Amino acid sequence: MTMNKVRMFLAGACLVISAAATAQNEEPIDGIVAVVEEDVILRSQLDRALGRVVQQFRAANRQLPPRDVLEKQILDQLIMIELQIQRARDTGIRASEEDVDRALERVAGQAGLTVEQLRRTVAADGLSWAEFREEMRDEILTSRLRNRIATTRVNVTETEVDIALASQNLDTSEYRLAHILISTPEGASPEDIRAAEEKAQDVYAQLQGGMDFATAAITYSDGQQALEGGDLGWRSADQVPSMFASMIAELEIGQTATPVRSASGFHILRLTDKREQTQRMVEEFRVQHLMIQETELVSPTDALNMINDLHSRLMDGEDFGELAKSFSDDTSSANLGGDMGWFQAEAFAGTFGQRGLQVVAQLDEGEISQPFQTGYGWHIFKKTGEREQDRTEEIIRAQVRESLREQKAQEELELFMRQMRDEAYVEYRI
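Residues in the sequence shown are numbered from 38 upward in steps of one, following our numbering.
Set out below in structure tokens:
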């Protein structure tokens, strides 16, 4: 992995922009730009976040709004992140040292690195490992808060899935959308609504006059994707909220819809691209798995010696299943002789990282891999099967179920965020 790729990975790994990401050779700047309840956001924190966004926009060759506008947008995002962290802690959500360790193992595994290799990469990039851990802890807290909202307030029934499928008549279109939200506060007065509508109409007029949509989003939008230029990415037809579905279907690529009001404010949507889904043939693997982990009782050297010894015994003809039952630390498969059943390629990569997927994909049926290491430990695979399955209907139904859940969760999350922001004490000092 090149240094540029590692840096891109590290930037994407932490969803929470933290004040802790300070280069070791920098002097801290203690100017306060905002007070959030009983905590503060520092100028150094804002400057680092600003630098990241500027770098991303320059790399994408996008036009940036004035610095003061960009600072305000980023500061508002930092405030919302800080409020989520505080709310998570206030409601009893915790992230233990073990939780952080496991998260770092997943991050390292997804990048094809060991935790020690990730640690050296972080240090080479000028970041403190202790501070990187705190970023990961904050990400865990905010993620768990959002998951709590989704799990406690959102439920999708199979009847709802059936109705959605019937109403869409299995529309296989996928849309790439960009979004600007001009929000209204909870319990907005008629004056608030009128002011938001006038602002939305003004933004729409500027877009019709040729203003770049990404620039407009980062300048005006209150949406969570504002700093990404409002880009919502690709969404299947069932993932488009019903209030927008008919409107989006009538748009041409590159066309912007007139502002539409919802409970959260006024929305401006642009269709940036469109494509059709095709039959979904899914590649699946079946493997036996043997894993040796490092523990307090098993040193790195011991683990390496054990996995190499087991590989030698397999090459000498010993039964994979019997060795897995006796020695594998993968508790989910050891009793089954290491058999993990059929795995879709995407799910396999999610478990073992791209490194694990590459290893199994290159094996012939019946072939045993060389030992290799991930953040979880040392592994040996034996490929016992490979096939392609038509999962179109099953995947579409799962997508509809998940999109309904996401829509409901997003609505609940937006409501929760508005309530939290309205109730919070925030003092700007910028």
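Glycine included, C-beta positions come from ideal geometry on N, C-alpha and C.
Every value quoted in this text rests on a predicted model; they were computed, and no experiment measured them.
Roughly how many whole angstroms lie between the Cα atoms of residue i and residue j?
i      : j      : result
Glu197 : Ser204 : 10 Å
Gln243 : Ala263 : 17 Å
Asp459 : Met117 : 11 Å
Gly412 : Leu150 : 7 Å
Thr59  : Glu168 : Reliability of the predicted coordinates at Thr59 is poor, the pLDDT of 36 falling under 50, and no value is obtained from them.
Asp259 : Leu341 : 52 Å
Asp105 : Gln93  : 18 Å
Lys419 : Asp401 : 9 Å
Glu443 : Arg95  : 31 Å
Ile417 : Glu134 : 29 Å
Leu441 : Ala371 : 37 Å
Ile78  : Glu108 : 13 Å
Met284 : Pro278 : 10 Å
Ser365 : Gln426 : 30 Å
Val91  : Met457 : 28 Å
Gln447 : Glu313 : 25 Å
Gly422 : Gln147 : 24 Å
Leu452 : Ile186 : 11 Å
Val137 : Thr295 : 45 Å
Gln487 : Thr309 : It is not possible to answer for residue 487, since the shown part of the chain is limited to 38 through 467.
Leu360 : Ser406 : 15 Å
Val73  : Ala461 : 7 Å
Asp127 : Met454 : 15 Å
Val397 : Gly378 : 14 Å
Trp166 : Arg156 : 7 Å
Ser363 : Val152 : 27 Å
Met343 : Asp249 : 59 Å
Val159 : Gln245 : 44 Å
Asp293 : Leu164 : Inspection of the sequence shows that residue 293 is occupied by Thr rather than by Asp. Rounded to whole angstroms, Thr293 to Leu164 spans 42 Å at the Cα level.
Ala384 : Thr368 : 18 Å
Leu373 : Leu347 : 17 Å
Arg272 : Gln436 : 10 Å
Phe399 : Glu449 : Going by the sequence as given, residue 399 is Gln instead of Phe. Using only the alpha carbons, I get a separation of about 44 Å.
Leu202 : Ile432 : 12 Å
Glu234 : Leu288 : 22 Å
What are the residues that DSSP puts in a beta bridge with residue i?
i      : result
Gly270 : Leu214
Ser220 : Gly302
Glu289 : Answer is none; Glu289 lacks a bridge partner.
Phe322 : Phe380 and Glu423
Asp76  : Val73
Trp415 : Ile329 and Gln410
Arg131 : None; Arg131 has no bridge partner.
Lys109 : For Lys109, which the question treats as bridged, DSSP gives no partner whatsoever.
Ile405 : Lys419
Lys311 : Tyr212
Tyr257 : Note: Tyr257 sits in no beta bridge, so no partner.
Glu464 : Val72
Val437 : DSSP lists no partner for Val437.
Val396 : Its beta-bridge partners do not exist; DSSP assigns none.
Val297 : His304
Beta-carbon of residue i versus every beta-carbon of chain B: anything under 8 Å?
i     : result
Ala97 : The chain inventory of the structure shown lacks chain B, comprising one protein chain alone.
Check whether the Cβ atoms of residue i and residue j lie closer than 8 Å to each other.
i      : j      : result
Glu119 : Asp76  : yes
Val463 : Ala71  : yes
Gly68  : Arg80  : yes
Leu218 : Arg307 : no
Phe409 : Phe322 : no
Ala267 : Ala286 : Here the sequence assigns Gly to residue 267, which means Ala is not the residue at that position. Contact: no.
Val240 : Ile200 : no
Ala274 : Ser210 : yes
Leu178 : Ile130 : yes
Glu320 : Ala254 : no
Glu331 : Gly414 : yes
Ala132 : Ile111 : no
Of the residues the options, which one's Cα is nearest the Cα of residue i?
i      : options                           : result
Asp175 : Ala148, Asp366 and Leu115         : Leu115
Arg190 : Arg424, Gly378, Met457 and Lys445 : Lys445
Thr256 : Glu423, Asp113, Glu234 and Arg157 : Asp113
Glu195 : Arg434, Gln238, Leu164 and Gln82  : Arg434
Lys311 : Tyr212, Asp367 and Glu265         : Tyr212
Arg428 : Leu347, Asp249, Phe357 and Met318 : Met318
Gly358 : Ala161, Gly375 and Asp346         : Gly375
Glu430 : Glu423, Arg438 and Arg424         : Arg438
Ala145 : Glu74, Glu423, Gly393 and Ala398  : Gly393
Gln100 : Gly247, Ile432 and Leu202         : Gly247
Asn98  : Glu265, Ser165, Thr293 and Asp339 : Glu265
Phe281 : Pro102, Asp249 and His216         : His216
Glu404 : Ser363, Asp356, Leu450 and Glu449 : Asp356
Beta carbon of residue i: closer than 7 Å to some heavy atom of the ligand ADP?
i      : result
Phe169 : No copy of the ligand ADP occurs in the structure displayed, which carries no ligand at all.
| query | Do three or more CB pairs link the segment 323 to 331 to the segment 349 to 363 at distances below 8 Å? | reply | Contact holds: three or more Cβ-Cβ distances are below 8 Å.
| message | Does the contact criterion of 3 or more C-beta pairs under 8 Å hold for the segment 210 to 223 versus the segment 179 to 188? | response | Put simply, the segment 210 to 223 does not touch the segment 179 to 188. Fewer than three CB pairs are less than 8 Å apart.
| said: Three or more C-beta pairs under 8 Å: does that hold for the segment 299 to 310 against the segment 384 to 397? | reply: Output reads no: the segment 384 to 397 does not touch the segment 299 to 310.
| request: Determine contact between the segment 138 to 148 and the segment 159 to 177, defined as no fewer than three beta-carbon pairs at a distance below 8 Å. | output: These segments touch.
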